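In the numbering used here, the protein residues as written are 1 to 487.
Where a beta carbon is used, it is the ideal one built from N, C-alpha and C, also for glycine.
Being a predicted model, the structure only gives us computed values, none of them experimental.
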RNA sequence: GUGGCCAUAGCUUAGCGGUCUAAAGCACUGCUCUGUGGCAGCAGGGAUCGAGGGUUCAAAUCCCUCUGGCCACCCCA
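Have a look at this one:
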């Protein structure tokens, strides 16, 4: 009691750390965004391919939703929820998972009147108050799919496929772990058998498992203690306890997986930590990961959940969620290349009059809509501007200076080869489009085949500021390369 | 909740009782080069050495406490 009071009074020390991220939460900086964007892109594509529609649910929900939905005996609800009582006295929680919220929305908005199944796609942050470690954060991100209102095993298989496809499209090899934990009825039978089996060996169990036995015997199976592990070898198998309907359903799911040629393993020991699952359950493990550590995603069927959360009728449903943080980590670990978006055109300017003209030109290009554009009008030095353009890895730079303003021209610089040409101000959009088409067609523009070669001007950059007109582009390139080498 | 490891510029690290007014590489800023990026050279800014206390003539360095981080268990994404 006294300790508690002391704890409350204790003022945090004023250190640099106090103003950093909250434990277990992190910033995703601009330089890392490309991975996340790629993951979102793939998730979105998969959702379209299989007709899952986007839904966004609030991050805050009433605690009751998860206590009832996920189960009061689960780790998530027992000790991992970020919960608090708000000013109005409501008990709220930062959502620890996505499915319960989606089901809540389905019920609340009467979506049982839509064509079934209703198929949802979501993506966003979840919160669990666990001790952070590699691949585990207190705020983490998932994307997921839920199909509510249908019990056909084809749906289970297709969802399993969707998760696998997501990983595969991102270049991550994974193996699917599948199991069935039956319906409420056959699971009860199985639990009884499990308890009966373990009771005779209870002396050999670890403390934790002894505890689990009375409350959630299924979880005896995924204990990693030596003793408990060897015991499970001879333990009753869930598959032997499935009733005909459940067994039949599961066999069909497996049949589809075979037909789709998916790499899966029947794993009778995956159990999942949420109470709402029935029948099919599955996880995705990276091909090179140690058993079950940092699963990349998982899901299963939850035929009972809709009723539990107040739905009018028994409504079958199935879903999955993928861990985006872990997927990103895996992509980096595997050095998976993420195509970086290159900006098409950078507008550089030199001198006051030119800057004005450049700003207008920039707006025109931007509104045109067929290019991605960038600039650095806050810089006066051309050198600086080209440096910035280079760091942005832009494809082409337009240069407007005194001379160009006078002539009504503009200089177009190909940032890869460094070749420049003078172009009529009014033709610039058309010329740009032409160059970009060539660029996008593949690789470097072949300079020798360019018709307007008389207009070409080659600059040897830092060597000389003198403008030389060159006739033979090929020779010129060689010269540049030589210079580069010498340097 | 339990255990192990760690904490020095934005990042990666060196220094492990006095030679530290804390060093290097990368990054950043400027100059060489006021009309030309990618290369190079030079210069510069940036660190109360996580915080507090102690030992000592002397602490980034040794000891204690706290805080934070990473990793593992548990569980999962």
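_Burial state of residue 162 (16 or more Cβ within 10 Å)_ = Start at 1 with the first residue of the first chain, and residue 162 comes out as number 162. Looking at its Cβ environment, which holds 16 or more other Cβ atoms inside 10 Å, residue 162 is buried.
_Residue burial classification, residue 154 (beta-carbon count within 10 angstroms, cutoff 16)_ = The count along the first chain starts at 1 and reaches residue 154 at position 154. Per the 10 Å Cβ criterion, exposed.
*Buried or exposed: residue 89, going by 16 or more other Cβ atoms within 10 Å of its Cβ?*
Stepping through the first chain from its first residue, residue 89 is reached at position 89. Per the 10 Å Cβ criterion, exposed.
_In whole angstroms, give me the CA-to-CA distance for residue 348 and residue 28._
Along the first chain, one-based indexing puts residue 348 at 348. Along the first chain, one-based indexing puts residue 28 at 28. Looking at the two C-alpha atoms, the distance is approximately 31 Å.
_Suppose contacts are defined by Cβ-Cβ distances below 7 Å. Is residue 331 in contact with residue 35 by that definition?_
If you number the first chain from 1, residue 331 lands on position 331. If you number the first chain from 1, residue 35 lands on position 35. Taking 7 Å as the Cβ cut-off, residue 331 and residue 35 qualify as a contacting pair.
*Terminal residues of the beta strand (DSSP E) in which residue 179 lies*: The residue given as residue 179 occupies position 179 in the first chain. Element bounds for residue 179: 174-180.
*For residue 264, which residues from the same chain have a beta carbon less than 6 Å from its beta carbon, with the 5 sequence-adjacent residues on both sides left out?*
In the first chain, the residue the question calls residue 264 occupies position 264. Same-chain partners within the cutoff: 176, 178 and 257.
*Are the stretch 263-282 and the stretch 301-313 in contact at 8 Å, needing three or more beta carbon pairs?*
yes
*In whole angstroms, what is the alpha-carbon distance linking residue 391 and residue 20?*
Locating residue 391 in the first chain gives position 391, where the first residue counts as 1. Locating residue 20 in the first chain gives position 20, where the first residue counts as 1. Taking the straight line joining both Cα atoms gives about 29 Å.
*Can residue 413 and residue 402 be called in contact, C-beta distance under 7 Å?*
To locate residue 413, count along the first chain from 1; it is residue 413. To locate residue 402, count along the first chain from 1; it is residue 402. In this structure, residue 402 does not lie closer than 7 Å to residue 413 by Cβ.
*asked:* Using 8 Å as the cut-off, can you tell me whether the stretch 312-322 makes contact with the stretch 345-363, which would need three or more C-beta pairs spanning the two stretches below that distance?
replied: no
*Skipping 5 residues on each side, what residues in its chain have a beta carbon closer than 7 Å to that of residue 310?*
On the first chain, residue 310 is found 310 positions in, with the first residue counted as 1. Hits under 7 Å: 107.
*asked:* Does residue 441 come out as helix, strand or coil in the three-state DSSP assignment?
replied: Here residue 441 refers to the residue found at position 441 of the first chain. Of the three classes helix, strand and coil, the one that applies to residue 441 here is helix, per DSSP.
*Report yes or no: do the stretch 190-197 and the stretch 206-220 share at least 3 C-beta pairs separated by less than 8 Å?*
yes
*Grab the span of the alpha helix (DSSP H) containing residue 99 for me, first residue to last.*
Residue mapping note: residue 99 aligns to position 99 of the first chain, counting from 1. 99-108 is the span of the alpha helix (DSSP H), which, as asked, contains residue 99.
*Does the count of Cβ pairs from the stretch 82-97 and the stretch 44-61 closer than 8 Å reach three?*
yes
*With distances taken between CB atoms, is the gap from residue 146 to residue 102 smaller than 7 Å?*
The count along the first chain starts at 1 and reaches residue 146 at position 146. The count along the first chain starts at 1 and reaches residue 102 at position 102. It is a contact, given that the beta carbons lie within the stated cut-off.
*Looking at the structure shown, is residue 373 part of a helix, part of a strand, or coil, going by DSSP?*
Against the first chain, residue 373 aligns to sequence position 373. The answer is strand: DSSP assigns residue 373 an E or B state.
*Report the residue ranges of all alpha helix (DSSP H) runs contained in full by the stretch 299-324; include only those spanning at least 4 residues, in chain order.*
305-308
*asked:* Between residue 144 and residue 116, how many whole angstroms is the CB-CB distance? I'm expecting something under 8 Å.
replied: As a working note, residue 144 is residue 144 in the first chain. As a working note, residue 116 is residue 116 in the first chain. Actually they are not in contact, since the Cβ atoms of residue 144 and residue 116 sit about 19 Å apart, beyond 8 Å.
*Which of helix, strand or coil does DSSP assign to residue 153?*
Position 153 of the first chain, counting from 1, holds the residue named residue 153. Helix.
*Got a sec? Which residues, its chain only, sit under 7 Å from residue 425 by beta carbon, not counting five neighbours each side?*
Indexing the first chain from 1 puts residue 425 at position 425. Correct list, in chain order: 408, 409 and 410.
*Evaluate residue 441 with the Cβ neighbour count: other Cβ atoms within 10 Å of its Cβ, from every protein chain shown; 16 or more gives buried, anything less gives exposed.*
Indexing the first chain from 1 puts residue 441 at position 441. Exposed, because fewer than 16 other Cβ atoms sit within 10 Å of the Cβ of residue 441.
*When the Cα of residue 22 is compared with those of 383, 84, 73 and 127, which residue comes out closest?*
Walking along the first chain from the start, residue 22 turns up at place 22. Taking only the C-alpha atoms, the option nearest residue 22 is 127.
*Closest by CA to residue 274, which one among 105, 48, 66 and 31?*
By 1-based counting over the first chain, the position of residue 274 is 274. Answer by Cα proximity: 66.
_Helix, strand or coil at residue 198 [DSSP, three-state]_ = Residue numbering aside, residue 198 sits at position 198 when the first chain is read from its first letter. Residue 198: helix per DSSP, three-state reduction.
_For residue 354 and residue 452, the rounded distance between their alpha carbons_ = Along the first chain, one-based indexing puts residue 452 at 452. Along the first chain, one-based indexing puts residue 354 at 354. Caution is warranted here: a pLDDT of 37 is assigned to residue 452, below 50, making its placement in the model unreliable, and the coordinate value is therefore given only provisionally. Whole-angstrom Cα-Cα distance: 25 Å.
*Spatial neighbours of residue 152 in its chain, beta-carbon cut-off 7 Å, leaving aside the 5 residues before and after*: Counting from 1 along the first chain, the entry for residue 152 is found at position 152. Within the same chain, residue 152 has no close Cβ partners at all.
*asked:* On the DSSP letters alone, give me the boundaries of the alpha helix (DSSP H) that residue 60 sits inside.
replied: Counted from its first residue, the first chain places residue 60 at position 60. Residue 60 -> not in any alpha helix (DSSP H); beta strand (DSSP E) instead, spanning 60-62.
*Just the C-alpha distance for residue 250 and residue 180, rounded to the nearest angstrom, thanks.*
As a working mapping, residue 250 is identified with position 250 in the first chain. As a working mapping, residue 180 is identified with position 180 in the first chain. In a straight line, the C-alpha of residue 250 is about 7 Å away from that of residue 180.
*asked:* One question on the structure: do residue 77 and residue 85 come within less than 7 Å of each other, judged by their Cβ atoms?
replied: Residue numbering aside, residue 77 sits at position 77 when the first chain is read from its first letter. Residue numbering aside, residue 85 sits at position 85 when the first chain is read from its first letter. No.
*Measure the Cβ-Cβ separation of residue 25 and residue 142 and say whether it is below 7 Å.*
Translated into positions along the first chain, residue 25 becomes position 25. Translated into positions along the first chain, residue 142 becomes position 142. Contact: no.
*List the endpoints of the continuous beta strand (DSSP E) containing residue 411.*
Locating residue 411 in the first chain gives position 411, where the first residue counts as 1. 409-414 is the extent of the beta strand (DSSP E) around residue 411.
_Using only the alpha-carbon positions, how far apart do residue 171 and residue 336 sit?_
As a position in the first chain, residue 171 is number 171, starting the count at 1. As a position in the first chain, residue 336 is number 336, starting the count at 1. Distance between the alpha carbons of residue 171 and residue 336: 7 Å.
*Can you give the Cα-Cα distance for residue 360 and residue 44, rounded to whole angstroms?*
Here residue 360 refers to the residue found at position 360 when the first chain is read from its first residue. Here residue 44 refers to the residue found at position 44 when the first chain is read from its first residue. Near 36 Å, if we compare the C-alpha coordinates of residue 44 and residue 360.
*asked:* Taking the straight line between their C-alpha atoms, what separation do you get for residue 164 and residue 57?
replied: Position 164 of the first chain, counted from the start, is the residue given in the question as residue 164. Position 57 of the first chain, counted from the start, is the residue given in the question as residue 57. Using only the alpha carbons, I get a separation of about 25 Å.
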